[in-house]
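Take a look at the structure set out below.
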Amino acid sequence: MFGLKFPFNNRKKEQMKQKRKNEELRSTMKRSFIIAAVVLASLGISSPLFGGEQVCSWDLTDSGGFGTKTHFQSSTGELIVSVDENTGAWSGLHIGNPSFQKNSTDFPTWNKGFLVFEMKGGPDKEGKLCEIRKCQIFLAYRNEEGKLTAPTAAVQFPRYAENGVIPADSFATVRVPLKKINWKESESPINTIVIQFSGNGKTAGGFTIRNLRFEIPEE
């Protein structure tokens, strides 16, 4: 019995190795597609379907804070949000996309999709890096005078991060189910995404966000 070899064990190892390679390739291809979608959006070109999904990238250059400061870093495509002595309860920011102007009826499969982005925490007013645990997001319409109306519900989003929390010093992918946002038919179009600290923002840290997009299944 000693010295016998079992070729099926080797085959199983090779199959597992190939499976991991395939998964890594799919992940790399999808990330490359998302980056390409962001570039296309900045050029005013709509994104194609990928794997049965419509990826609708959201430009991060048109932003403004209320109780926070925002800075778009073009070299990395990241929106950096910082806090200061003016940051308090329900402080946050709005990210506009005037070219979007879509209504829920434009997306028949809206409730099966996701709002997806990558986020990491940042320093608080004392310079200490903080996780993001209490923060909400909703979709809104901003008119020419700057008035916001919100046709959707607000959703606490850190729970939808990979481990239920957004780390202080590394990016986590957040996938918010669009059915939780509850964008009702025939309501106003949206052209703005709003992010707010929940409750007492005085102790909150800033954060960085990138690759913001909608991923909506094909009909």
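If you're matching positions, the sequence shown starts at 6 in this note's numbering and goes up one per residue. Beta carbons: idealized from backbone N, C-alpha and C, even for Gly.
With DSSP run on the structure shown, which of helix, strand or coil describes N102?
-> Taking the sequence shown and counting its residues from 1, one reaches residue 102 at position 97. Three-state DSSP puts N102 in coil, outside helix and strand.
Report buried or exposed for D129, applying the criterion of at least 16 other Cβ atoms within 10 angstroms of its Cβ.
-> Walking along the sequence shown from the start, residue 129 turns up at place 124. So D129 counts as buried.
Roughly how many angstroms separate the alpha carbons of L183 and G72, rounded to a whole number?
-> Here residue 183 refers to the residue found at position 178 of the sequence shown. Here residue 72 refers to the residue found at position 67 of the sequence shown. Using only the alpha carbons, I get a separation of about 27 angstroms.
Tell me, to the nearest whole angstrom, how far the beta carbon of V212 is from that of G97; I am working on the premise that it is less than 8 angstroms.
-> In the sequence shown, residue 212 corresponds to position 207, counting from 1. In the sequence shown, residue 97 corresponds to position 92, counting from 1. It is Phe, not Val, that sits at residue 212 in the sequence shown. In fact, because the Cβ distance is near 10 angstroms, the residues do not count as touching under 8 angstroms.
With distances taken between CB atoms, is the gap from F119 to E220 smaller than 7 angstroms?
-> Locating residue 119 in the sequence shown gives position 114, where the first residue counts as 1. Locating residue 220 in the sequence shown gives position 215, where the first residue counts as 1. Yes, Cβ-Cβ distance for F119 and E220 is below 7 angstroms.
How close, in whole Å, do the beta carbons of R147 and G204 come, if the pair is a contact with beta carbons under 8 angstroms?
-> Indexing the sequence shown from 1 puts residue 147 at position 142. Indexing the sequence shown from 1 puts residue 204 at position 199. Not a contact, Cβ separation roughly 24 angstroms.
Proximity of I200 and I142 at Cβ, strictly below 7 angstroms = As a first step, residue 200 must be located in the sequence shown, where it is residue number 195. As a first step, residue 142 must be located in the sequence shown, where it is residue number 137. Yes, the Cβ-Cβ distance between I200 and I142 is below 7 angstroms.
Per DSSP, which one or two residues make a beta bridge with I142?
-> Position 137 of the sequence shown, counted from the first residue, corresponds to residue 142. According to DSSP, which records beta bridges pairwise, I142 is partnered with V160, I200.
Is N216 helix, strand or coil when you go by DSSP?
-> In the sequence shown, the residue the question calls residue 216 occupies position 211. N216: strand per DSSP, three-state reduction.
Which class does T81 belong to by DSSP, given the choice of helix, strand or coil?
-> Looking up residue 81 in the sequence shown gives position 76. Three-state DSSP puts T81 in coil, outside helix and strand.
Hey, could you find the ends of the alpha helix (DSSP H) L183 is sitting in?
-> Position 178 of the sequence shown holds residue 183. Segment 183-186, the alpha helix (DSSP H) holding L183.
Given S37, which residues of its chain have a CB within under 8 angstroms of its CB, disregarding the five upstream and five downstream residues?
-> To locate residue 37, count along the sequence shown from 1; it is residue 32. Reliability of the predicted coordinates at S37 is poor, the pLDDT of 43 falling under 50, and the value obtained from them is presented with this limitation in mind. Here the set comprises nothing.
So what does DSSP say about S109, is it helix, strand or coil?
-> Within the sequence shown, numbered from 1, the residue matching residue 109 stands at position 104. In this structure, S109 counts as helix in the three-state DSSP scheme.
With distances taken from CA atoms, which of R138, G151, F176 is nearest F162?
-> Locating residue 162 in the sequence shown gives position 157, counting from the first residue. Nearest C-alpha to F162: R138.
Are I186 and A158 touching if we call contact CB-CB under 7 angstroms?
-> Working through the sequence shown from its first residue, we reach residue 186 at position 181. Working through the sequence shown from its first residue, we reach residue 158 at position 153. It is a contact, given that the beta carbons lie within the stated cut-off.
To which residues of the same chain is Q59 closer than 6 angstroms at the C-beta, ignoring the five residues directly before and after it?
-> Stepping through the sequence shown from its first residue, residue 59 is reached at position 54. Contacts found: I221.
So what does DSSP say about T114, is it helix, strand or coil?
-> Counted from its first residue, the sequence shown places residue 114 at position 109. In the structure shown, T114 sits in coil (DSSP, three-state: anything other than H, G, I, E or B).
K207 (DSSP reduced to helix, strand or coil) = Walking along the sequence shown from the start, residue 207 turns up at place 202. If DSSP states are grouped into helix, strand and coil, K207 belongs with the helices.
Kindly indicate which residue of G82, A173, S68, G169 has the alpha-carbon position closest to the one of I180.
-> In the sequence shown, residue 180 corresponds to position 175, counting from 1. It is worth fixing the name first, because residue 180 is Arg in this sequence and not Ile. Nearest C-alpha to R180: G169.
Could you please give the first and the last residue of the uninterrupted beta strand (DSSP E) stretch that includes P128?
-> Here residue 128 refers to the residue found at position 123 of the sequence shown. First-last of the beta strand (DSSP E) with P128: 119-128.
Out of F105, T178, G210, which has the shortest C-alpha to C-alpha gap to V121?
-> Taking the sequence shown and counting its residues from 1, one reaches residue 121 at position 116. It is T178.
Going by the CB atoms, is the gap between P156 and S193 shorter than 7 angstroms?
-> Position 188 of the sequence shown, counting from 1, holds the residue named residue 193. Position 151 of the sequence shown, counting from 1, holds the residue named residue 156. A contact, by the Cβ cut-off of 7 angstroms.
Kindly identify the DSSP beta-bridge partner or partners of V60.
-> Stepping through the sequence shown from its first residue, residue 60 is reached at position 55. Per DSSP, E220.
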